[in-house]
Amino acid sequence: MRKLSRRLTLTLALGGALAASAAAFAVAADKDLIVFDWSGYEDPSFHGKYVEKNGDSPTFAFFGDEDEAFEKVRSGFKSDLGHPCSQSVVKWREAGLLQPLDTSKIAGWKDLNPGIMAMKDLATTSDGKAWFMPWDWGDTQLTYNSDKIAEKDVQSLKVFADPKYKGRVSIGDNVDDAYALASLAIGLKDWTKMTDDQFKQASDFLRQVHKNVRSYWTDTTDIVQLLSGGEVDLAWAWNDATVQSVKAGVPIKSKKDTDEGISTWVCGYVLFKDAPGNIDKAYDYLNAVNDPEVAKVLVKDWGYGQANAKGMAGVDPAILKEKGYDDVGKFVDKTLFQQPLPSELKLKMIAEFEKIKAGY
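Numbering (mature numbering (1 follows the signal peptide of the UniProt record, and there is no 0)) for the sequence shown: -28 to -1, 1 to 332.
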């Protein structure tokens, strides 16, 4: 679910060319490997060892959210690797879009965080097959301009619905983060058990938030611009929004210890069933991003954790503390983990969120 803020000048137009060949997307990139990803993850600092071995970066195609990506692949778009997050992996797998991973070809597979790997039906299934290599993880959290809002005023997530902040709020234009916020606000930590009454409560909360929203952000570039430009002072945003805003010299802070907590997510890579490219290069890419050295870039520059526990152990302890990764137990306390939702509930959320954004 996670778009970063740095973009290369290369933009791959997907449009109506869903079933186009890899060559149609190959612009100064390795035509033997297509990675279907969130924009920003094409950053070469994430896959340096791939470039060292193969001479160029892969070809990247981009999606705006996982539901969009799912529909494009299901409609015929061909790619080798994809980058879904925890709440979508089961859906992609059950739709027959994926093929199992050969973990013997992934260096550091055994170094992946035991807590993440133990999550039911995420990386592996009960039959022992591996379908998903966890890579980046972090949270969606209350983010605010500390020059304009006092910390004492953002102790509760209910602040997003406070009329006092009308026109000063932004939340993501994606249903998962929106309902994660709403679920936490009504006191629900496990959204997979959401009742009809709780769904109504969560939706009613989002309707109140909508009255305060100046703009729904679509990626980190968008929310950083909104915060840095002074258009909004309060946001429900990913880790790197704070990191990038501070780099821009704006007094933006994150508030992880609200009364209701934060929402945690894990994203990673999958191998598509009908991958058209070079399978060895697909594993070269997985090995490159899973390299422990990449953790230093992911944590320091983006504020995200790497699923490779060995990589996280190699990050400067001071940086881990600054970014909130020094105590994983504390990190997951009072958090809503974005687990896969029952399909019926997810469809209800999608439909209702569209109504809410339209003012209904």
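The beta-carbon is built from N, C-alpha and C at its ideal position, and this holds for glycine as well.
Treat the numbers as computed from the prediction; the structure is a model and nothing was measured.
Distance between residue j and residue i (C-alpha atoms, nearest Å)
{"i": "residue 212", "j": "residue 20", "result": "21 Å"}
{"i": "residue 60", "j": "residue 137", "result": "33 Å"}
{"i": "residue 84", "j": "residue 282", "result": "8 Å"}
{"i": "residue 62", "j": "residue 119", "result": "42 Å"}
{"i": "residue 201", "j": "residue 181", "result": "21 Å"}
{"i": "residue 58", "j": "residue 33", "result": "20 Å"}
{"i": "residue 150", "j": "residue 71", "result": "31 Å"}
{"i": "residue 277", "j": "residue 291", "result": "11 Å"}
{"i": "residue 324", "j": "residue 49", "result": "28 Å"}
{"i": "residue 179", "j": "residue 258", "result": "41 Å"}
{"i": "residue 5", "j": "residue 170", "result": "44 Å"}
{"i": "residue 132", "j": "residue 35", "result": "28 Å"}
{"i": "residue 123", "j": "residue 187", "result": "22 Å"}
{"i": "residue 210", "j": "residue 194", "result": "12 Å"}
{"i": "residue 139", "j": "residue 318", "result": "28 Å"}
{"i": "residue 235", "j": "residue 73", "result": "28 Å"}
{"i": "residue 45", "j": "residue 244", "result": "9 Å"}
{"i": "residue 64", "j": "residue 102", "result": "14 Å"}
{"i": "residue 316", "j": "residue 43", "result": "17 Å"}
{"i": "residue 79", "j": "residue 252", "result": "13 Å"}
{"i": "residue 273", "j": "residue 321", "result": "33 Å"}
{"i": "residue 153", "j": "residue 196", "result": "19 Å"}
{"i": "residue 18", "j": "residue 67", "result": "29 Å"}
{"i": "residue 256", "j": "residue 31", "result": "14 Å"}
{"i": "residue 314", "j": "residue 240", "result": "21 Å"}
{"i": "residue 280", "j": "residue 189", "result": "29 Å"}
{"i": "residue 225", "j": "residue 100", "result": "42 Å"}
{"i": "residue 287", "j": "residue 216", "result": "19 Å"}
{"i": "residue 88", "j": "residue 329", "result": "33 Å"}
{"i": "residue 265", "j": "residue 289", "result": "15 Å"}
{"i": "residue 242", "j": "residue 254", "result": "10 Å"}
{"i": "residue 249", "j": "residue 172", "result": "46 Å"}
Which listed residue (the options) has its alpha carbon closest to that of residue i
{"i": "residue 90", "options": "105, 121, 185", "result": "105"}
{"i": "residue 148", "options": "208, 201, 137", "result": "208"}
{"i": "residue 127", "options": "236, 232, 278", "result": "232"}
{"i": "residue 52", "options": "69, 36, 43", "result": "69"}
{"i": "residue 143", "options": "183, 110, 97, 124", "result": "183"}
{"i": "residue 214", "options": "4, 34, 111, 48", "result": "111"}
{"i": "residue 24", "options": "261, 292, 321, 314", "result": "261"}
{"i": "residue 81", "options": "107, 99, 65", "result": "107"}
{"i": "residue 177", "options": "191, 217, 190, 135", "result": "135"}
{"i": "residue 185", "options": "225, 172, 173, 206", "result": "206"}
{"i": "residue 263", "options": "299, 191, 86, 285", "result": "285"}
{"i": "residue 109", "options": "216, 11, 230, 297", "result": "297"}
{"i": "residue 306", "options": "125, 121, 230, 326", "result": "230"}
{"i": "residue 12", "options": "191, 125, 114, 172", "result": "191"}
{"i": "residue 41", "options": "7, 16, 26", "result": "7"}
Environment of residue i [buried if 16+ CB atoms lie within 10 Å]
{"i": "residue 76", "result": "exposed"}
{"i": "residue 47", "result": "exposed"}
{"i": "residue 167", "result": "exposed"}
{"i": "residue 237", "result": "buried"}
{"i": "residue -2", "result": "Bear in mind that a pLDDT of 36 at residue -2, under 50, signals an unreliable position, so the number given afterwards is only what the model happens to contain. Classification for residue -2: exposed."}
{"i": "residue 275", "result": "buried"}
{"i": "residue 332", "result": "exposed"}
{"i": "residue 174", "result": "buried"}
{"i": "residue 220", "result": "exposed"}
{"i": "residue 333", "result": "Any property of residue 333 remains undetermined from this structure, which presents the chain solely from -28 to 332."}
{"i": "residue 14", "result": "buried"}
{"i": "residue 379", "result": "The shown model of the chain, from -28 to 332, leaves out residue 379, and the question about it has no answer."}
{"i": "residue 159", "result": "exposed"}
{"i": "residue -5", "result": "Its pLDDT being 34, under 50, residue -5 is placed unreliably in this model, and the coordinates cannot settle the point."}
8 Å contact criterion, which residue i and residue j should meet: CB distance rounded
{"i": "residue 295", "j": "residue 271", "result": "6 Å"}
{"i": "residue 129", "j": "residue 156", "result": "6 Å"}
{"i": "residue 28", "j": "residue 2", "result": "5 Å"}
{"i": "residue 227", "j": "residue 116", "result": "7 Å"}
{"i": "residue 204", "j": "residue 141", "result": "6 Å"}
{"i": "residue 55", "j": "residue 9", "result": "5 Å"}
{"i": "residue 299", "j": "residue 146", "result": "Not really, about 28 Å apart at Cβ, beyond 8 Å."}
Any non-hydrogen atom of the ligand MN closer than 7 Å to residue i Cβ
{"i": "residue 169", "result": "Ligands are entirely absent from the displayed structure, and the ligand MN is therefore not among its contents."}
**Study point:** Touching by the beta-carbon criterion (3+ pairs, under 8 Å), the stretch 304 to 321 and the stretch 148 to 163
**Key:** yes
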